[in-house]
Amino acid sequence: MIRRMRVSDRHVRSRVAALAALIAVAASSQPLAAASGSVLATKEQLAGEALALRVLASAPMRRQIEVLEETYRQDAQGSTPAGGATIRRAADSVAAAAAYYAVIDDADRPVFLWIGNAPHRWFGIEAPRAGFGIENPDNVYRETTVDSGARYEIRGRVRHPGPAELHFVVMDSIPGTTPVSVEGGQILTTLRSDGMKIAPDGSFTVTVDRDPAGGRSNHLQLPREGKYPLLVRDLLTDWTTQKPVALEIRRVAGPALARPRTEAEVARRAAELLSLIGPYWVAYDNRFVYSKPRNQVAAPRHRPGGRGFSSSGHFELGSDEALVVTVDPLGARSLGFQLTDPWGVALEYIGRTSSLNNAQAAANPDGTITFVVTASDPGVYNWLDTDALGSGMFAIRWQALPEGTSGERAVRDARVVKRTQLEEALPAGTRFVTPAQRRAQQAARARGYARRLE
Numbered sequence: 047m048i049r050r051m052r053v054s055d056r057h058v059r060s061r062v063a064a065l066a067a068l069i070a071v072a073a074s075s076q077p078l079a080a081a082s083g084s085v086l087a088t089k090e091q092l093a094g095e096a097l098a099l100r101v102l103a104s105a106p107m108r109r110q111i112e113v114l115e116e117t118y119r120q121d122a123q124g125s126t127p128a129g130g131a132t133i134r135r136a137a138d139s140v141a142a143a144a145a146y147y148a149v150i151d152d153a154d155r156p157v158f159l160w161i162g163n164a165p166h167r168w169f170g171i172e173a174p175r176a177g178f179g180i181e182n183p184d185n186v187y188r189e190t191t192v193d194s195g196a197r198y199e200i201r202g203r204v205r206h207p208g209p210a211e212l213h214f215v216v217m218d219s220i221p222g223t224t225p226v227s228v229e230g231g232q233i234l235t236t237l238r239s240d241g242m243k244i245a246p247d248g249s250f251t252v253t254v255d256r257d258p259a260g261g262r263s264n265h266l267q268l269p270r271e272g273k274y275p276l277l278v279r280d281l282l283t284d285w286t287t288q289k290p291v292a293l294e295i296r297r298v299a300g301p302a303l304a305r306p307r308t309e310a311e312v313a314r315r316a317a318e319l320l321s322l323i324g325p326y327w328v329a330y331d332n333r334f335v336y337s338k339p340r341n342q343v344a345a346p347r348h349r350p351g352g353r354g355f356s357s358s359g360h361f362e363l364g365s366d367e368a369l370v371v372t373v374d375p376l377g378a379r380s381l382g383f384q385l386t387d388p389w390g391v392a393l394e395y396i397g398r399t400s401s402l403n404n405a406q407a408a409a410n411p412d413g414t415i416t417f418v419v420t421a422s423d424p425g426v427y428n429w430l431d432t433d434a435l436g437s438g439m440f441a442i443r444w445q446a447l448p449e450g451t452s453g454e455r456a457v458r459d460a461r462v463v464k465r466t467q468l469e470e471a472l473p474a475g476t477r478f479v480t481p482a483q484r485r486a487q488q489a490a491r492a493r494g495y496a497r498r499l500e
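In this note's numbering, the protein residues as written are 47 to 500.
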């Protein structure tokens with residue numbers, strides 16, 4: 047059973063130090079320090095990150111990163127100022143994610159690894175940025191691998207206030223390793239917190255195997271054969287209060303264990319995954335994102351597995367332009383608007399507002415929310431910061447929606463305006479900020495993010 051760590055004076059001092067470090071580097075790309083009591087800082091996480099760092103330094107991975115960088119340079123986005131400037135950053139981020147996938151690709155010895163995250167520094171480890179595919183900064187992504195021939199038990203505890211939604215998803219493959227599809231792979235089975243049995247103290251158990259539930263309350267049924275990635279998302283809409291769920295997974299039955307992989311084998315697997323994932327997302331973006339008109343926000347599509355609605359696209363703006371987007375939250379517990387570089391890797395989001403959700407943004411008097419995408423601070427509270435990039439991608443996600451919700455009026459308006467005409471394009475009641483208020487907003491954001499590292 048997972049138990050919450052007792053708060054001590056030492057932990058309080060560690061938390062204060064971590065918050066100070068977060069705020070100090072809020073506007074930079076330096077790794078962020080973490081407090082020592084985080085449910086994410088498991089011994090498996092730390093060992094996995096240390097192994098991933100060695101894998102990233104291996105010859106097979108260095109060669110494959112160079113191949114991916116060349117793939118980016120040959121793509122149309124590679125010739126744009128924003129695309130060219132972010133090639134190395136994006137390739138390194140995708141490579142780190144591939145390394146994490148390789149580390150957890152062992153269904154005999156399953157562990158949950160936090161695989162999509164911002165750079166952070168803890169316990170002597172400097173973990174790099176990891177992610178791709180317009181990852182959502184509101185999510186804590188943890189993943190493991192399971193085998194249909196075995197049985198697993200996941201034990202967890204919700205630390206109140208917990209996430210807006212906890213979502214378990216079994217996919218047919220690691221996203222980016224199959225033919226290109228709109229979801230990046232097929233969802234096989236899911237389990238959401240609103241359908242789970244959770245004890246009053248926050249504890250729960252999830253069983254995972256190929257048999258039907260048979261009266262088991264929280265169960266994920268696997269296909270008859272094969273190995274599959276199991277992803278867990280903690281959706282944190284209020285960064286200032288909500289906390290990730292404590293999780294552990296055990297293999298409780300199954301055939302004889304295969305021998306542990308060598309580090310060289312893990313490195314070769316990581317390079318193989320990167321050779322698939324990197325080109326996949328270039329093809330995906332060209333097919334599903336860059337095929338759309340620039341600066342257009344289409345009506346959202348319904349996502350399978352109870353994941354709500356989403357709309358994606360790409361922006362291209364001059365330094366004197368802004369993209370103004372008004373959306374209706376539709377009663378969703380989570381509405382999030384995220385920006386990325388031209389390769390789909392999230393922009394810096396700890397101390398910069400490259401993403402905003404409905405708890406972070408200021409709503410209009412009618413309940414809609416208006417966002418302003420632009421390269422420099424427009425003085426609007428709901429500024430989506432492009433980190434001075436003139437182009438990139440975006441996603442808008444409506445999650446945990448009321449049953450039967452229609453997305454027909456989800457996007458109310460989207461237009462490009464000159465910065466000199468911005469105020470005229472904004473609705474009455476728009477919240478504006480001074481430079482000092484912006485710094486306070488950014489510092490509060492960094493403090494909120496630090497909570498998931500506590």
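Cβ atoms here follow ideal geometry from the backbone N, Cα and C, with glycine treated the same way.
6 Å CB neighbourhood of residue i in its chain, flanking five on each side removed
i       : result
Val-462 : Asn-341, Glu-367 and Leu-369
Ala-471 : Val-370 and Val-463
Ala-409 : Ile-415
His-265 : Thr-253 and Ala-259
Ser-239 : Glu-211 and Leu-212
Leu-276 : Thr-190, Val-192 and Val-216
Cutoff 8 Å; reference residue i; Cβ partners in own chain excluding five residues on either side
i       : result
Gly-438 : Ala-128, His-360, Phe-361, Leu-385, Thr-386, Asp-387, Pro-388, Leu-393 and Thr-432
Lys-243 : Phe-250, Ser-263 and Asn-264
Gly-475 : Asn-410 and Pro-411
Phe-478 : Gly-425, Val-426 and Tyr-427
Residue of the options minimising C-alpha distance to residue i
i       : options                               : result
Val-328 : Ile-161, Ile-180 and Pro-156          : Ile-180
Val-85  : Val-228, Ile-150 and Trp-160          : Trp-160
Ala-103 : Val-215, Arg-353, Ala-317 and Pro-209 : Ala-317
Pro-221 : Tyr-147, Thr-420 and Gly-241          : Tyr-147
Phe-178 : Pro-207, Asp-138, Glu-199 and Arg-491 : Asp-138
Arg-119 : Pro-325, Ala-421, Ala-145 and Ala-489 : Pro-325
Leu-435 : Val-479, Thr-399 and Thr-132          : Thr-132
Thr-223 : Tyr-330, Asp-284 and Ser-263          : Tyr-330
Val-216 : Asp-152, Val-140 and Thr-236          : Thr-236
Glu-449 : Ala-153, Arg-379, Ala-344 and Asp-255 : Arg-379
Glu-469 : Pro-339, Ala-313 and Val-426          : Val-426
Asp-151 : Asp-121, Leu-234, Lys-273 and Val-186 : Lys-273
Ala-122 : Ala-486, Phe-383, Ser-337 and Thr-480 : Ser-337
Ser-452 : Gly-390, Leu-282, Ile-323 and Arg-347 : Arg-347
Ala-144 : Ala-313, Lys-243, Thr-117 and Arg-167 : Ala-313
Val-335 : Val-419, Ala-489 and Gly-390          : Gly-390
Val-501 : Arg-256, Leu-363, Asn-428 and Ser-400 : The displayed coordinates of the chain run from 47 to 500. Any statement about residue 501 would go beyond what the structure contains.
Ala-142 : Asp-154, Asn-163, Thr-126 and Ser-125 : Asn-163
Arg-398 : Ala-345, Ala-489 and Ala-304          : Ala-489
Ser-401 : Gln-232, Gly-94 and Asp-284           : Asp-284
Arg-279 : Asn-185, Asp-255 and Asn-403          : Asn-185
Buried or exposed (CB count within 10 angstroms, at least 16 for buried), residue i
i       : result
Asp-459 : exposed
Lys-289 : buried
Gln-406 : buried
Ser-357 : buried
Pro-183 : buried
Ala-206 : Here residue 206 turns out to be His, not Ala, going by the sequence shown. Burial call: exposed.
Val-228 : exposed
Phe-440 : buried
Gly-241 : exposed
Pro-165 : buried
Phe-40  : Outside the shown range of the chain, which is 47 to 500, sits residue 40, and nothing can be said about it.
Thr-480 : exposed
Thr-287 : exposed
Gly-94  : buried
Close beta carbons around residue i, own chain, < 7 Å, minus the five adjacent residues each side
i       : result
Arg-353 : Gln-445
Gln-110 : Ala-317, Leu-320 and Ser-321
Arg-484 : Asp-423
Leu-92  : Phe-169 and Ile-171
Given 8 Å, three or more beta-carbon pairs between the stretch 85-104 and the stretch 158-177: yes
Given 8 Å, three or more beta-carbon pairs between the stretch 190-205 and the stretch 151-165: yes
Cβ contact (3+ pairs, closer than 8 Å) linking the stretch 192-210 and the stretch 295-311: Enough Cβ pairs lie closer than 8 Å, so yes.
Three CB pairs or more closer than 8 Å across the stretch 206-219 and the stretch 237-257: Flag = yes, the stretch 206-219 and the stretch 237-257 touch.
Those runs of the beta strand (DSSP E) which lie wholly inside the stretch 171-226 and span at least 3 residues: 171-173, 185-193, 197-203 and 211-217
Beta strand (DSSP E) runs wholly inside the stretch 351-387, at least 3 long, in chain order: 355-362, 367-373 and 380-386
Alpha helix (DSSP H) segments (min. 4 residues) lying fully within the stretch 275-331: none
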